[in-house]
């Protein structure tokens, strides 16, 4: 094994009241278990305030994010959970992936399974053509009713630089724009109307100076249970 | 943009090229940026671009005594 260590920073959002389990490494080859060199978790309030730092045991395969964050984050609502991983290139020729399971505790609403958004790293030169931009993201909604409320959650994983993000929602030929300001490690949820002028929400795009952690969110009414939690997709691909 | 917190040298600034804050600080102080092999800093995943520009602006305007060593 080489001594070449790579880095990957991924982020998700945790809300109280949910079971939220994270696979530290999404294994496709159970006969050859792979482990990260190290993995640190930190959590931030919406204003970017550091709430928790925790070194994880990379021998663990699954992290109970809810159990870890619930006591610390009480009263903060949404929290951005940041995973800072170091890994050997030989063990992860592309990059490690974290997947997560989220389910409202006690709810009959089905659980969601999603890929944790990679925001920093994971795309070194060795992967190949990196000429495409990846700070323009998009998400196309499926047709028909899906959730009663939609939103985009955006987090700035930068440690020093603030940024502005533009969120564009599309309703037929109409485009609605909203700009959100995010300080370092700050995050926001931008509501998206499910329809406008009789036209349903069909697509959302986000644009920023640099890549952010971002998810598209759908909630059921009146419970507010999550029925959609998915990362956006690179616009130019 | 240079009045914020002082970045620590050990921090990894670019997760794609593994550039550290200290490497950038020393390169800026010595007029040696970009460092060989680090030219794509900020251009790959782009996630560090804001922090990179913050640090570069800070270090080019406020060079610190580093002994002129480019690592």
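Residue numbers (my numbering), protein chains in the order written: chain A, 1 to 237; chain B, 238 to 308. A virtual CB, placed ideally from N, CA and C, is assigned to each residue, including glycine. The structure presented is a predicted model; accordingly, all values stated were derived computationally and were not measured.
Measuring alpha carbon to alpha carbon, tell me which of A:161, A:64, A:152, A:25 ends up nearest residue 178 of chain A.
Your numbering for residue 178 of chain A matches position 178 in the first chain. It is A:152.
When you compare the segment 215 to 232 of chain A with the segment 238 to 249 of chain B, are there three or more beta-carbon pairs, one atom per stretch, that lie closer than 8 angstroms?
Under the 8 angstroms Cβ criterion, the segment 215 to 232 of chain A does not count as touching the segment 238 to 249 of chain B, having fewer than three qualifying pairs.
Would the beta-carbon of residue 227 of chain A fall within 9 angstroms of that of residue 11 of chain A?
For the purposes of this step, residue 227 of chain A is taken as residue 227 along the first chain, with counting starting at 1. For the purposes of this step, residue 11 of chain A is taken as residue 11 along the first chain, with counting starting at 1. Contact flag unset, no.
7 angstroms CB neighbourhood of residue 288 of chain B in its chain, flanking five on each side removed
Within the second chain, numbered from 1, the residue matching residue 288 of chain B stands at position 51. Correct list, in chain order: 250.
Residue 229 of chain A - partner residues in DSSP beta bridges:
In the first chain, the residue the question calls residue 229 of chain A occupies position 229. Per DSSP, the beta-bridge partners of residue 229 of chain A are A:217.
Chain A partners of residue 284 of chain B, CB-CB under 9 angstroms?
For the purposes of this step, residue 284 of chain B is taken as residue 47 along the second chain, with counting starting at 1. Here the neighbours are 9, 118, 119, 120, 121, 134, 135, 157, 158, 210, 211, 212, 213.
Quick one: list the residues of chain A neighbouring residue 244 of chain B, beta-carbon separation under 7 angstroms, in chain order.
Within the second chain, residue 244 of chain B is the residue found at index 7, counting from 1. In chain order: 160.
Where residue 291 of chain B falls: helix, strand or coil (DSSP)
Here residue 291 of chain B refers to the residue found at position 54 when the second chain is read from its first residue. In this structure, residue 291 of chain B counts as helix in the three-state DSSP scheme.
Can you pull the chain A neighbours of residue 265 of chain B, defined as C-beta to C-beta under 9 angstroms?
Locating residue 265 of chain B in the second chain gives position 28, counting from the first residue. Per Cβ cutoff of 9 angstroms: no residues; residue 265 of chain B is ~15 angstroms from chain A at best.
DSSP three-state call for residue 244 of chain B: helix, strand or coil?
Taking the first residue of the second chain as 1, we reach residue 244 of chain B at position 7. Of the three classes helix, strand and coil, the one that applies to residue 244 of chain B here is coil, per DSSP.
Local conformation of residue 305 of chain B per DSSP, three classes
In the second chain, residue 305 of chain B corresponds to position 68, counting from 1. Because the pLDDT at residue 305 of chain B is just 41, under 50, the model does not fix this residue reliably, and the point stays unresolved.
Nearest-angstrom beta carbon gap, residue 82 of chain A and residue 240 of chain A [assumed within contact, 8 angstroms]
One cannot answer for residue 240 of chain A here, as it falls past the ends of chain A, which runs 1 to 237.
List the residues of chain A whose Cβ lies closer than 7 angstroms to the Cβ of residue 241 of chain B, in chain order.
One-based indexing of the second chain puts residue 241 of chain B at position 4. The contacting residues are 160.
Outcome for residue 260 of chain B when other beta-carbon atoms lying within 10 angstroms are tallied against a minimum of 16:
Counted from its first residue, the second chain places residue 260 of chain B at position 23. Buried, since its Cβ has 16 or more Cβ neighbours within 10 Å.
Cα-Cα separation between residue 263 of chain B and residue 286 of chain B, rounded to whole angstroms:
For the purposes of this step, residue 263 of chain B is taken as the residue at position 26 of the second chain. For the purposes of this step, residue 286 of chain B is taken as the residue at position 49 of the second chain. Each residue's Cα considered, the two are about 19 angstroms apart.
Determine, using beta carbons only, whether residue 287 of chain B comes closer than 9 angstroms to chain A.
Counting from one through the second chain, the residue named residue 287 of chain B turns up at place 50. Answer yes: the Cβ-Cβ gap between residue 287 of chain B and chain A drops below 9 angstroms somewhere.
Nearest by alpha-carbon distance to residue 186 of chain A: which of A:161, A:170, A:167 is it?
Locating residue 186 of chain A in the first chain gives position 186, where the first residue counts as 1. For residue 186 of chain A, the nearest C-alpha among the options comes from A:161.
Please classify residue 142 of chain A as buried or exposed, where buried requires at least 16 neighbouring CB atoms within 10 angstroms.
Taking the first chain and counting its residues from 1, one reaches residue 142 of chain A at position 142. Answer is exposed; the Cβ neighbour count stays below 16.
With three or more C-beta pairs closer than 8 angstroms as the rule, is the segment 106 to 118 of chain A touching the segment 272 to 279 of chain B?
no
Just to confirm, are residue 137 of chain A and residue 214 of chain A a CB contact at a threshold of 9 angstroms?
Here the question's residue 137 of chain A lines up with position 137 in the first chain. Here the question's residue 214 of chain A lines up with position 214 in the first chain. Contact flag set, yes.
Since residue 138 of chain A meets chain B, which of its residues come closer than 9 angstroms, beta carbon to beta carbon?
Taking the first residue of the first chain as 1, we reach residue 138 of chain A at position 138. The contacting residues do not exist; residue 138 of chain A stays about 16 angstroms from chain B at best.
Tell me, please, which residues DSSP counts as bridged to residue 155 of chain A.
As a position in the first chain, residue 155 of chain A is number 155, starting the count at 1. In the DSSP output, where bridge partners are listed per residue, residue 155 of chain A has A:187, A:213.
For the alpha helix (DSSP H) holding residue 262 of chain B, just list the boundary residues, first then last.
Numbered from its first residue, the second chain carries residue 262 of chain B at position 25. That run of the alpha helix (DSSP H) goes 258 to 266.
Assigned secondary structure, residue 67 of chain A (DSSP; H/G/I helix, E/B strand, else coil):
Locating residue 67 of chain A in the first chain gives position 67, where the first residue counts as 1. Correct three-state label for residue 67 of chain A: helix.
Nearest-angstrom Cα distance between residue 189 of chain A and residue 172 of chain A?
Against the first chain, residue 189 of chain A aligns to sequence position 189. Against the first chain, residue 172 of chain A aligns to sequence position 172. Answer to the nearest angstrom: the Cα atoms are 23 angstroms apart.
Under 7 angstroms Cβ-Cβ, which residues of chain B neighbour residue 163 of chain A?
Locating residue 163 of chain A in the first chain gives position 163, where the first residue counts as 1. Under the 7 angstroms cutoff, chain B gives 287.
Where the beta strand (DSSP E) containing residue 200 of chain A begins and where it ends:
As a first step, residue 200 of chain A is located in the first chain; it is residue number 200 there, counting from the start. That run of the beta strand (DSSP E) goes 199 to 208.
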